[in-house]
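So the sequence shown is numbered by this note's numbering: it starts at 5 and just counts up by one.
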Amino acid sequence: MNERNVSPDSWSYGILIDGLAKAGKLNDARNLFQKLLHSGVTPSTVAYTSLIHGLCMANSFDDARELFADMNRRGCPPSPVTYNVMIDASCKRGMLEEACDLIKKMIEDGHVPDVVTYNTVMDGLCKSSRVEEALLLFNEMERLGCTPNRRSHNTIILGLCQQSKIDQACQVFHEMEAKDIPPDSWSYGILIDGLAKAGKLNEAYKLFQRMLDSGITPSAVTYNVVIHGMCLAYTLDEALELFKSMRSKGCRPSRFTFNILIDAHCKRGKLDEAFRLLKRMTDDGHVPDVVTYSTLISGLCSIARVDDARHLLEDMVKRQCKPTVVTQNTLIHGLCKAGRIKEAREVLDAMVSSGQSPDVVTYNTLVHGHCRAGQTERARELLSDMVARGLAPNVVTYTALVSGLCKANRLPEACGVFAQMKSSGCAPNLFTYTALILGFCSAGQVDGGLKLFGEMVCAGISPDHVVYGTLAAELCKSGRSARALEILREGRESLRSEAWGDEVYRFAVDGLLEAGKMEMALGFVRDMVRGGQLPAPERCASLVAGLCKSGQGGEARAVLEEIMDLAYGGKARGKAAKFVEEMVGKGYEIEDAVLGPLK
5 MNERNVSPDS
15 WSYGILIDGL
25 AKAGKLNDAR
35 NLFQKLLHSG
45 VTPSTVAYTS
55 LIHGLCMANS
65 FDDARELFAD
75 MNRRGCPPSP
85 VTYNVMIDAS
95 CKRGMLEEAC
105 DLIKKMIEDG
115 HVPDVVTYNT
125 VMDGLCKSSR
135 VEEALLLFNE
145 MERLGCTPNR
155 RSHNTIILGL
165 CQQSKIDQAC
175 QVFHEMEAKD
185 IPPDSWSYGI
195 LIDGLAKAGK
205 LNEAYKLFQR
215 MLDSGITPSA
225 VTYNVVIHGM
235 CLAYTLDEAL
245 ELFKSMRSKG
255 CRPSRFTFNI
265 LIDAHCKRGK
275 LDEAFRLLKR
285 MTDDGHVPDV
295 VTYSTLISGL
305 CSIARVDDAR
315 HLLEDMVKRQ
325 CKPTVVTQNT
335 LIHGLCKAGR
345 IKEAREVLDA
355 MVSSGQSPDV
365 VTYNTLVHGH
375 CRAGQTERAR
385 ELLSDMVARG
395 LAPNVVTYTA
405 LVSGLCKANR
415 LPEACGVFAQ
425 MKSSGCAPNL
435 FTYTALILGF
445 CSAGQVDGGL
455 KLFGEMVCAG
465 ISPDHVVYGT
475 LAAELCKSGR
485 SARALEILRE
495 GRESLRSEAW
505 GDEVYRFAVD
515 GLLEAGKMEM
525 ALGFVRDMVR
535 GGQLPAPERC
545 ASLVAGLCKS
555 GQGGEARAVL
565 EEIMDLAYGG
575 KARGKAAKFV
585 EEMVGKGYEI
595 EDAVLGPLK
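What follows is the structure, encoded as structure tokens:
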């Protein structure tokens with residue numbers, strides 16, 4: 005054109021710039037655009053839009069924004085395509101405020117955003133958990149005469165499901181059907197997944213059946229969701245039937261499908277069936293992954309087949325599938341539970357040798373295992389080792405060690421660990437305090453236990469029936485029954501539960517009976533009944549049996565009558581007899597002299 009002295013016009017430049025940008029020759033396109041500006045020709049909307057799109061694709065968004073602003077300054081009106089390019093680029097970069105402002109400007113310029121524009125922004129808003137704003141746009145587009153399509157509805161349904169707004173998602177799904185927009189595989193899959201995650205497994209399964217009845221083939225992901233739900237809410241047989249039907253519907257089970265079923269069988273202790281599924285999985289061309297192996301190792305450990313679990317771990321490594329820390333922790337836990345602490349330590353050593361770093365759970369499991377085995381010194385060494393590795397012991401670590409030391413009658417050391425725990429900024433919990441209080445009481449130092457009791461209450465931790473009962477029992481042994489009764493009443497008021505109230509009194513009553521202090525035990529049972537709680541049959545049986553053994557059969561009968569009178573307000577003897585029958589039914593032997601008057 006130049007050789008013939010024909011000057012290119014804006015349209016010619018625009019076509020060439022568009023071609024260069026689409027061919028990825030962005031520098032050439034930019035140079036040509038600059039030449040266009042220097043020629044005095046006003047760039048066309050096509051030229052601007054083509055270069056803006058090219059810049060966005062090349063991740064030069066700031067340059068694209070500058071060019072868009074220049075376009076407006078030069079009086080070249082952006083087209084709907086220009087706006088769509090800028091809106092799409094803004095959304096992809098998470099600049100949703102800018103995208104929404106562009107829609108407003110687009111409308112002000114006299115353009116009606118099309119369904120692509122709205123879908124782009126709604127998708128960005130939903131991905132940023134701003135589904136309410138997406139719904140406003142969804143309603144706005146209908147008001148402006150822009151009909152939402154299937155993708156619009158799917159975007160909103162997905163956003164609502166991700167925010168656990170399942171009822172609203174179902175409503176949008178039904179509205180879509182009412183508008184004669186047939187749901188597709190994605191529509192069904194999104195909602196089925198949302199229903200399943202919300203625990204509405206029956207509704208998810210019904211929708212899945214509707215999907216099949218509509219002739220729509222579910223994806224492997226949708227099958228996986230439904231099979232997983234069936235494993236939770238239905239029987240394994242039903243889940244397996246659905247699994248078998250996948251192929252007939254043209255959907256090949258994925259590795260994830262097999263993992264779901266293997267996990268379900270392992271959790272039910274059906275390891276033989278789980279391994280048969282593993283074989284089918286490999287026969288089907290799927291390579292077991294770390295999830296597969298970890299699930300099976302966990303299942304084997306849960307039924308005490310730790311040798312098989314160790315062999316499976318070895319096989320896993322041979323097959324170039326690297327165990328995770330979770331896998332190793334599972335095996336360590338299984339070995340510790342079986343009392344095979346030495347082998348558990350061997351797994352830890354192998355982890356470290358392979359360059360894998362143990363985590364807090366690894367150490368917690370081993371600390372607990374050593375303490376259960378009475379090896380508190382080794383447990384303390386582990387605590388030092390984990391600190392040396394830069395791992396911060398947590399409340400589980402410290403509690404396990406405190407409990408282990410108390411059970412080993414090493415109370416001063418337990419107190420030292422407790423002090424170390426607090427100085428490190430790790431707050432003790434109910435279980436920590438309970439372990440140490442039990443330790444003090446076992447050592448006959450009830451005042452130390454009471455001090456800790458006050459400390460835990462001040463820290464906002466509510467003592468449980470074990471704490472109340474243990475302190476009361478120990479106070480009784482030291483002849484401080486009045487304080488014990490205060491503790492028991494406080495526990496009854498605090499726990500406000502009939503079952504737990506009985507547990508609180510159990511510790512004290514059983515301790516008194518063991519010490520032969522019948523009168524005091526009887527007093528505590530009476531206090532319990534007056535507090536509105538009926539003692540469990542075994543509590544009464546213990547008291548009556550104790551009285552009978554000491555030759556106080558008449559007193560035993562009187563005790564039962566008194567308890568019945570207090571419990572039922574002197575009402576029908578039938579209730580008393582029924583209560584006694586329950587005691588006898590639980591295997592407690594009560595003398596005829598006691599039972600006779602109540603028959």
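Glycine is no exception: its CB is placed at the ideal position from the N, C-alpha and C atoms.
The structure displayed is predicted, hence computed values, not measured ones.
Subject >> Integer Cβ distance of L139 from I170, believed to fall under 8 Å >> reply: Along the sequence shown, read from residue 1 onward, the residue named residue 139 stands at position 135. Along the sequence shown, read from residue 1 onward, the residue named residue 170 stands at position 166. That pair is no contact at about 15 Å.
**OP:** Count the CB pairs spanning the region 206-214 and the region 178-185 that are closer than 8 Å, and state whether there are at least three.
**Re:** no
Original post:
Would you call the CB atoms of S156 and N123 closer than 8 Å?
Top reply: On the sequence shown, position 152 is the one that residue 156 refers to. On the sequence shown, position 119 is the one that residue 123 refers to. Closer than 8 Å, so yes.
Subject >> Buried or exposed by the 16-neighbour rule on C-beta atoms within 10 Å, applied to C174 >> reply: Counting from one through the sequence shown, the residue named residue 174 turns up at place 170. Counting Cβ neighbours within 10 Å, C174 comes out buried, since at least 16 surround it.
Original post:
Secondary structure at S357, three-state DSSP: helix, strand or coil?
Top reply: Residue numbering aside, residue 357 sits at position 353 when the sequence shown is read from its first letter. Looking at S357 - three-state DSSP - the assignment turns out to be helix.
Original post:
Sorted by chain position, which residues of the same chain lie with C-beta nearer than 8 Å to F609's C-beta, five sequence neighbours on each side aside?
Top reply: The structure shown does not extend to residue 609, since the chain is modelled only from 5 to 603, so the question has no answer here.
Original post:
Nearest to S252 by CA position, among A348, E381, C445 and P222, is which residue?
Top reply: As a working mapping, residue 252 is identified with position 248 in the sequence shown. Looking at the Cα atoms, P222 is the closest of the given residues.
**OP:** Counting only the same chain and skipping the five closest in sequence on each side, list residues whose C-beta sits under 6 Å from that of Y367.
**Re:** Counting from one through the sequence shown, the residue named residue 367 turns up at place 363. L386 and M390, listed in sequence order.
Original post:
Cβ of V120 within 8 Å of Cβ of I107?
Top reply: Working through the sequence shown from its first residue, we reach residue 120 at position 116. Working through the sequence shown from its first residue, we reach residue 107 at position 103. In this structure, I107 does not lie closer than 8 Å to V120 by Cβ.
**OP:** Label V604 either buried or exposed according to how many other C-beta atoms from any shown protein chain fall within 10 Å of its C-beta, with 16 as the threshold for buried.
**Re:** Within the shown structure, residues of the chain are numbered from 5 to 603, placing residue 604 beyond reach of any answer.
Original post:
Which two residues bound the contiguous alpha helix (DSSP H) that contains S94?
Top reply: If you number the sequence shown from 1, residue 94 lands on position 90. Where S94 is concerned, the enclosing alpha helix (DSSP H) stretches over P84 to K96.
Subject >> Which listed residue (G464, E459, M522 and G527) has its alpha carbon closest to that of L492 >> reply: Here residue 492 refers to the residue found at position 488 when the sequence shown is read from its first residue. The residue with the shortest Cα to Cα distance from L492 is G527.
Original post:
What are the start and end residues of each continuous beta strand (DSSP E) run of 3 or more residues lying completely inside the region 361-415, in chain order?
Top reply: Counting only runs of at least 3 residues, the region 361-415 fully encloses no beta strand (DSSP E) element at all.
Original post:
Can you tell me the Cα-Cα spacing of S427 and G420, whole angstroms?
Top reply: To locate residue 427, count along the sequence shown from 1; it is residue 423. To locate residue 420, count along the sequence shown from 1; it is residue 416. Near 11 Å, if we compare the C-alpha coordinates of G420 and S427.
Original post:
So which of Q332, R349 and P416 has the shortest CA-CA distance to R382?
Top reply: Here the question's residue 382 lines up with position 378 in the sequence shown. With distances taken between Cα atoms, R382 lies closest to R349.
Subject >> Span separating the alpha-carbon of L20 from that of A33 >> reply: As a working note, residue 20 is residue 16 in the sequence shown. As a working note, residue 33 is residue 29 in the sequence shown. Cα to Cα, L20 sits roughly 8 Å from A33.
Original post:
Short check: CB of A103 to CB of G128, under 8 Å?
Top reply: To locate residue 103, count along the sequence shown from 1; it is residue 99. To locate residue 128, count along the sequence shown from 1; it is residue 124. Yes. Within cutoff.
Original post:
If you run the structure through DSSP and keep just helix, strand and coil, what is A431?
Top reply: To locate residue 431, count along the sequence shown from 1; it is residue 427. Three-state DSSP puts A431 in coil, outside helix and strand.
**OP:** May I ask you to report which of helix, strand or coil DSSP gives H290?
**Re:** Position 286 of the sequence shown, counting from 1, holds the residue named residue 290. Coil at H290, not helix or strand.
Original post:
Helix, strand or coil: how does DSSP classify S191 here?
Top reply: Numbered from its first residue, the sequence shown carries residue 191 at position 187. Helix.
Original post:
How many Å lie between E242 and P327 at the Cα?
Top reply: Translated into positions along the sequence shown, residue 242 becomes position 238. Translated into positions along the sequence shown, residue 327 becomes position 323. A straight-line Cα-Cα distance of about 32 Å links E242 and P327.
Original post:
Got a sec? Which residues, its chain only, sit under 7 Å from G163 by beta carbon, not counting five neighbours each side?
Top reply: Within the sequence shown, the letter at position 159 stands for residue 163. For G163, where only same-chain residues beyond five positions count, the Cβ hits under 7 Å are C130, V135 and A138.
Original post:
Going straight from the alpha carbon of Q172 to that of M234, what length do you get?
Top reply: Looking up residue 172 in the sequence shown gives position 168. Looking up residue 234 in the sequence shown gives position 230. Q172 and M234 have their C-alpha atoms roughly 24 Å apart.
**OP:** Determine the burial state of P152: buried for a count of at least 16 other Cβ atoms within 10 Å of its Cβ, exposed for fewer.
**Re:** The residue you call residue 152 lines up with position 148 of the sequence shown. Label assigned to P152: buried.
**OP:** Quick one: give me the first and last residue of the alpha helix (DSSP H) that L141 is part of.
**Re:** The residue you call residue 141 lines up with position 137 of the sequence shown. Run containing L141: V135 to R147, per the alpha helix (DSSP H) assignment.
Original post:
To the nearest angstrom, how far is it from the Cα of T334 to the Cα of D319?
Top reply: Here residue 334 refers to the residue found at position 330 when the sequence shown is read from its first residue. Here residue 319 refers to the residue found at position 315 when the sequence shown is read from its first residue. Approximately 16 Å between the Cα atoms of the pair.
**OP:** Identify the continuous alpha helix (DSSP H) that holds G473 and give its terminal residues.
**Re:** Start at 1 with the first residue of the sequence shown, and residue 473 comes out as number 469. Note, G473: alpha helix (DSSP H), H469 to K481.
Subject >> Whole-Å CB distance - C150 paired with V116, under 8 Å assumed >> reply: Translated into positions along the sequence shown, residue 150 becomes position 146. Translated into positions along the sequence shown, residue 116 becomes position 112. Indeed, because the Cβ distance is near 6 Å, the residues count as touching under 8 Å.
Original post:
Where does A237 fall in DSSP's three states?
Top reply: As a first step, residue 237 must be located in the sequence shown, where it is residue number 233. Judged by DSSP in its simplified three-state form, A237 adopts helix.
Original post:
In this structure, does DSSP put T121 in helix, strand or coil?
Top reply: Start at 1 with the first residue of the sequence shown, and residue 121 comes out as number 117. Looking at T121 - three-state DSSP - the assignment turns out to be helix.
Subject >> Residue interval of the alpha helix (DSSP H) (run including D66) >> reply: One-based indexing of the sequence shown puts residue 66 at position 62. It spans F65 to R77 - the alpha helix (DSSP H) in which D66 sits, taken as one unbroken run.
Original post:
Would you call the CB atoms of A342 and T380 closer than 8 Å?
Top reply: Counting from one through the sequence shown, the residue named residue 342 turns up at place 338. Counting from one through the sequence shown, the residue named residue 380 turns up at place 376. For A342 and T380, no; Cβs fall outside 8 Å.
**OP:** Grab me the residues of T86's own chain with a C-beta within less than 8 Å of its C-beta, minus the 5 sequence neighbours each way, in chain order.
**Re:** Position 82 of the sequence shown holds residue 86. The residues T49, Y52, T53, I56, F72 and M75, in chain order, have a CB closer than 8 Å to that of T86 in the same chain once the five nearest residues on each side in sequence are set aside.
Original post:
For R214, which three-state DSSP category applies?
Top reply: Locating residue 214 in the sequence shown gives position 210, counting from the first residue. R214: helix per DSSP, three-state reduction.
Original post:
According to the Cβ coordinates, are A404 and H372 closer than 8 Å?
Top reply: What you label residue 404 is simply residue 400 of the sequence shown in a count that begins at 1. What you label residue 372 is simply residue 368 of the sequence shown in a count that begins at 1. The answer is yes: Cβ separation under 8 Å.
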